[in-house]
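A.B. asks: Encoded as structure tokens, here's the structure I'll be asking about.
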Amino acid sequence: MRFVKTVAYFNELPSPDKLLQGLVRQLSPQAGADSVVPVELQPQASTSAAVEVPITGIVMVTGATGGVGRRVVARLLAAGKHVRALVRDLDKAKGMLSDLPVAPGGKLELAAADVTQRQTLLPEMFEGVRAVVCCTAVKVVPKEGDTVDRAKYYQGIKFYDPEIQGDTPESVEYIGMENLLDAVADSLGVEGGVRLLDAASASASGAGSGSGSGAGGGGAVARWGPLDDVVMGGVSSSGIELVSGAGEAGGAAWVFSGNVSTDNFGGFASVRTRNLDPPLDLSPYEGIQLRLFGDGQRYKFIIRPDSNWDGIAYCTSFDTTPNTWQTIRLPFADFFPVFRAKRLSGAAATPLDPSAISSIQIMLSKFEYDGDLNPAFRRGPFRLPFTSIASYLPAGVPPRFVHVSSAGVTRPNRPGIDVNLEPPAVKLNDTLGGILTWKLAGEDALRHSGVPFAVVRPTALTEEPGGMPLELDQGDSVKGKISREDVADLCVALLGCPAATNTTFEVKSTVPFSQPWTGPEPSAPRRDWFATLSQARLRPGVTGRTVAGVYTGRKTEVEALEAAGVSTSPGAAPKPAATAAA
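All the letters of the sequence shown, read from the start, carry residue numbers 1 to 582 under full-length UniProt numbering.
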């Protein structure tokens, strides 16, 4: 009877609704078949990259027909990268991007979408995307009109009274960012990873209470159930359930427990997820992280790349320390292919592809692999509490989402600021629909997303040549100008610079605003962007925002508030501390 229940649980028959959905998918035309359009480019062996890009996979560029965006596309193609440009107007994009030089290996695709409309951001547009350079911005034009090529706007030096044209700053800078992050975050990966089992969120939602099978919910993507040696005639038994007080500091934990018997040629107990539909793409991550309370035994972690009941699996083993909470990381590179506990070799021993995971399994077994015994196995009762099982990002990951914002975004309504001494956008913020306010809101959405990021805040953008002497700063106080050429180089360089991950910074030229720049000396060496970024000593958490009436400057928010005597205790509204005069 247990055997029948086990087979039925892991080979669930599709519901009438699922059958109908599958039939509709088969009969319907592929709605997204033309959503990604390749552009024919002629590779040129002589093409040289201004900036090296140590990244694999597709790089998406949004705002790809804008002044910075098209330069970013050009640099990526010159580096032989696969670029997917997200644009509103396909014909316009083809006209602007199809003649760009491309190095061998380079590839350009166009995806027609509008970031202000979430429904236009189709899943297939983000398949294979491993980095984003976001150059999307609200359209600002001179009130008196502009040339066809927007020369007045792009020149960046002479001031023309501006106005917003088309979508509002809120819809582009903030809602557009939220929509884009919602569409692409799974492809880029997030801090904390994909939760396969999570006690804290499950406890908060009440998921899994009192259930030894079908455990899931509470933010976890999987449903779990027991899979023991009963399928081979054994008599072992196990289950997994959420147990209050079994976790750290009296919290809840998912407890994998049971009894392993070697009778009837048995000797293993396990819990496994039902097949994930669709399969899980964990390719942005390095591996699986377990937080558990060890019992001194050795367990197996098993990943199945297809939905077959008895197919090839990828395994690795991990040892636990008795009576100790520990964090165990299992890199995908350490998994090896196995069929019925025997390691595969030769052509069959292909590495694990984490882009399509159908199920995962945790097992306590008498055997290791190829008939070897588990040296740390005890038959009888066992108990292994977990507070979480999740994917994790690689250490030292560079920014995967580079966002071009603007200097000045934190200056409207900053205490003590004189807007007459600031760039025009600060003074005209309200007139321009809160353009800087909504740019800051978009930045905040990115900072809170969990995606490894870098926010670049350039000063006034010009059409001057690149190679300007530059200054990087934090705290949002700089003024000046910078060439779009240099900003594009910087954005591309950031994709390979872990020193800048999760930072927000301003960049300007040290060339005076009114002084024309004609380019560097011919003998000037190429800029070492990685040295420039590393030497800038950029700090995560520094934004230049004003919080509780305190301008945070080059400090993190917590540092600035504590320095100002403002309470930062969790759950309490910030309150200025009493002064001596009071």
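Just so it is clear, CB atoms sit at the ideal spot from N, CA and C, and this is done for glycine as well. Note that the structure is predicted; figures quoted are calculated from it, not measured.
Around the C-beta of T62, are 16 or more other C-beta atoms found within 10 angstroms, so that it is buried, or is it exposed?
C.D. replies: Along the sequence shown, one-based indexing puts residue 62 at 62. T62 is buried by the Cβ-count criterion.
A.B. asks: Among the residues of its own chain, which have a CB less than 8 Å from the CB of S28, if the five just before and after it don't count?
C.D. replies: As a working mapping, residue 28 is identified with position 28 in the sequence shown. Because the pLDDT of S28 is 46, which lies under 50, any placement of that residue in the model is unreliable, and the number read from its coordinates should be weighed accordingly. For S28, where only same-chain residues beyond five positions count, there are no Cβ hits under 8 Å.
A.B. asks: May I ask you to list the residues that DSSP assigns as paired with L352?
C.D. replies: For the purposes of this step, residue 352 is taken as residue 352 along the sequence shown, with counting starting at 1. In DSSP, L352 forms no bridge with anything.
A.B. asks: Within 10 angstroms of the Cβ of P385, are there 16 or more other Cβ atoms? Answer buried if so, exposed if not.
C.D. replies: Counting from one through the sequence shown, the residue named residue 385 turns up at place 385. Counting Cβ neighbours within 10 Å, P385 comes out buried, since at least 16 surround it.
A.B. asks: From this set, E173, R130, E178 and K139, which residue's C-alpha is nearest L188's C-alpha?
C.D. replies: Working through the sequence shown from its first residue, we reach residue 188 at position 188. Closest option to L188, Cα to Cα, is R130.
A.B. asks: Please determine whether the Cβ atom of P305 lies at a distance below 7 Å from any heavy atom of the ligand ADP.
C.D. replies: This structure simply doesn't include the ligand ADP, nor any ligand for that matter.
A.B. asks: CA-CA distance, K353 and P43?
C.D. replies: Taking the sequence shown and counting its residues from 1, one reaches residue 353 at position 353. Taking the sequence shown and counting its residues from 1, one reaches residue 43 at position 43. Residue 353 is actually Asp in this sequence, not Lys. Between D353 and P43, the C-alpha separation is close to 30 Å.
A.B. asks: Quick one: using the 10 Å Cβ neighbour count with 16 as the cut-off for buried, is S238 buried or exposed?
C.D. replies: Sequence index remark: in the sequence shown, residue 238 carries index 238 (1-based). Classification for S238: buried.
A.B. asks: Cα separation between G128 and L495?
C.D. replies: As a first step, residue 128 must be located in the sequence shown, where it is residue number 128. As a first step, residue 495 must be located in the sequence shown, where it is residue number 495. Looking at the two C-alpha atoms, the distance is approximately 16 Å.
A.B. asks: Let me check one thing: in DSSP terms, what residues is K439 bridge-paired to?
C.D. replies: For the purposes of this step, residue 439 is taken as the residue at position 439 of the sequence shown. None, per the DSSP bridge assignment.
A.B. asks: Should V507 and L470 be called a contact, given that it needs their Cβ atoms to be closer than 8 Å?
C.D. replies: For this step, residue 507 is matched to residue 507 along the sequence shown. For this step, residue 470 is matched to residue 470 along the sequence shown. Against a cut-off of 8 Å, the Cβ pair of L470 and V507 comes out as a contact.
A.B. asks: Under the three-state reduction of DSSP, which class applies to P381: helix, strand or coil?
C.D. replies: Start at 1 with the first residue of the sequence shown, and residue 381 comes out as number 381. Strand.
A.B. asks: Please list, in chain order, all residues of the same chain as T503 whose beta carbon is under 7 Å from its beta carbon, the five residues on each side excluded.
C.D. replies: In the sequence shown, residue 503 corresponds to position 503, counting from 1. Only A454, L538, R539 and P540 meet the Cβ criterion.
A.B. asks: Mind checking whether S270 and R304 have CB atoms under 8 Å apart?
C.D. replies: Your numbering for residue 270 matches position 270 in the sequence shown. Your numbering for residue 304 matches position 304 in the sequence shown. Not closer than 8 Å, so no.
A.B. asks: At 3 residues or longer, and completely inside the stretch 476-563: list those beta strand (DSSP E) runs for me, N to C.
C.D. replies: With a minimum length of 3 residues, the continuous beta strand (DSSP E) runs that stay inside the stretch 476-563 are 481-483 and 503-509.
A.B. asks: For M232, report the span of its alpha helix (DSSP H) as first-last.
C.D. replies: As a working mapping, residue 232 is identified with position 232 in the sequence shown. It is not in any alpha helix (DSSP H) - M232 carries neither H nor E in the DSSP assignment.
A.B. asks: CB-CB under 8 Å to A563, same chain, minus the five flanking residues each way: which ones, in chain order?
C.D. replies: Walking along the sequence shown from the start, residue 563 turns up at place 563. Closer than 8 Å at the Cβ level, and outside the excluded window around A563, lie K555.
A.B. asks: Going by alpha carbons, who is nearest to V190 out of A395, G549, V492 and A252?
C.D. replies: To locate residue 190, count along the sequence shown from 1; it is residue 190. Taking only the C-alpha atoms, the option nearest V190 is A395.
A.B. asks: Can you tell me whether S98 is buried or exposed, with buried defined as 16 or more other CB within 10 angstroms of its CB?
C.D. replies: Here the question's residue 98 lines up with position 98 in the sequence shown. Exposed: under 16 other Cβ atoms inside 10 Å.
A.B. asks: What are the residues that DSSP puts in a beta bridge with F318?
C.D. replies: The residue given as residue 318 occupies position 318 in the sequence shown. Paired residues: Y299.
A.B. asks: Does the beta-carbon distance from F336 to R329 come in below 8 Å?
C.D. replies: To locate residue 336, count along the sequence shown from 1; it is residue 336. To locate residue 329, count along the sequence shown from 1; it is residue 329. No, the pair does not count as a contact, with Cβ atoms beyond the cut-off.
A.B. asks: With three or more beta-carbon pairs closer than 8 Å as the criterion, would you say the stretch 431-443 touches the stretch 399-413?
C.D. replies: Touching, yes.
A.B. asks: Could you pull the start and end residues of the beta strand (DSSP E) that P337 belongs to?
C.D. replies: Counting from one through the sequence shown, the residue named residue 337 turns up at place 337. Where P337 is concerned, the enclosing beta strand (DSSP E) stretches over F336 to F339.
A.B. asks: In three-state DSSP terms, what is G346?
C.D. replies: The residue given as residue 346 occupies position 346 in the sequence shown. Here G346 sits in helix by DSSP.
A.B. asks: Report the rounded CA-to-CA distance for A249 versus L364, giving the unit in angstroms.
C.D. replies: The residue you call residue 249 lines up with position 249 of the sequence shown. The residue you call residue 364 lines up with position 364 of the sequence shown. The alpha-carbon atoms of A249 and L364 are separated by roughly 26 Å.
A.B. asks: Taking only three categories from DSSP, how would you classify I362?
C.D. replies: Against the sequence shown, residue 362 aligns to sequence position 362. Note: I362 maps to strand in three-state DSSP.
A.B. asks: Compute the Euclidean distance between the alpha carbons of T543 and P452, then round it to the nearest angstrom.
C.D. replies: For this step, residue 543 is matched to residue 543 along the sequence shown. For this step, residue 452 is matched to residue 452 along the sequence shown. Approximately 16 Å, taken between the alpha carbons.
A.B. asks: Does the distance from the CB of C491 to the CB of V133 come in under 8 Å?
C.D. replies: In the sequence shown, counting from the first residue as 1, residue 491 sits at position 491. In the sequence shown, counting from the first residue as 1, residue 133 sits at position 133. Their beta carbons are under 8 Å apart, which means C491 touches V133 by this criterion.
A.B. asks: Please report the distance separating the alpha-carbon of F530 from that of A493.
C.D. replies: On the sequence shown, residue 530 is found 530 positions in, with the first residue counted as 1. On the sequence shown, residue 493 is found 493 positions in, with the first residue counted as 1. Going by the C-alpha atoms only, they are around 7 Å apart.
A.B. asks: Going by Cα to Cα distance, which pick from P322, P522 and I360 is closest to G311?
C.D. replies: Stepping through the sequence shown from its first residue, residue 311 is reached at position 311. Ranking P322, P522 and I360 by Cα distance to G311 puts I360 first.
A.B. asks: Going residue by residue through the UniProt domain "NAD(P)-binding" (63-139), where are the continuous beta strand (DSSP E) segments of at least 3 residues, counting only ones entirely within it?
C.D. replies: With a minimum length of 3 residues, the continuous beta strand (DSSP E) runs that stay inside the UniProt domain "NAD(P)-binding" (63-139) are 82-87, 107-112 and 129-134.
A.B. asks: How about D476 and R457: do their beta carbons lie closer than 8 Å?
C.D. replies: Numbered from its first residue, the sequence shown carries residue 476 at position 476. Numbered from its first residue, the sequence shown carries residue 457 at position 457. Going by C-beta atoms, D476 is nearer than 8 Å to R457.
A.B. asks: Closest by CA to L86, which one among T116, P54 and P465?
C.D. replies: Indexing the sequence shown from 1 puts residue 86 at position 86. The shortest C-alpha separation from L86 is found at T116.
A.B. asks: Between which residues of its own chain and L76 is the CB-CB distance below 6 Å, once the five residues before and five after are set aside?
C.D. replies: Start at 1 with the first residue of the sequence shown, and residue 76 comes out as number 76. Correct list, in chain order: V59 and V83.
A.B. asks: Leaving out five residues on either side along the sequence, give the residues of the same chain with a beta carbon under 8 Å from the beta carbon of K92.
C.D. replies: Reading the sequence shown from its first residue, position 92 is the one you call residue 92. T65.
A.B. asks: Quick one: what does DSSP say A460 is sitting in, helix, strand or coil?
C.D. replies: Here residue 460 refers to the residue found at position 460 of the sequence shown. Strand at A460.
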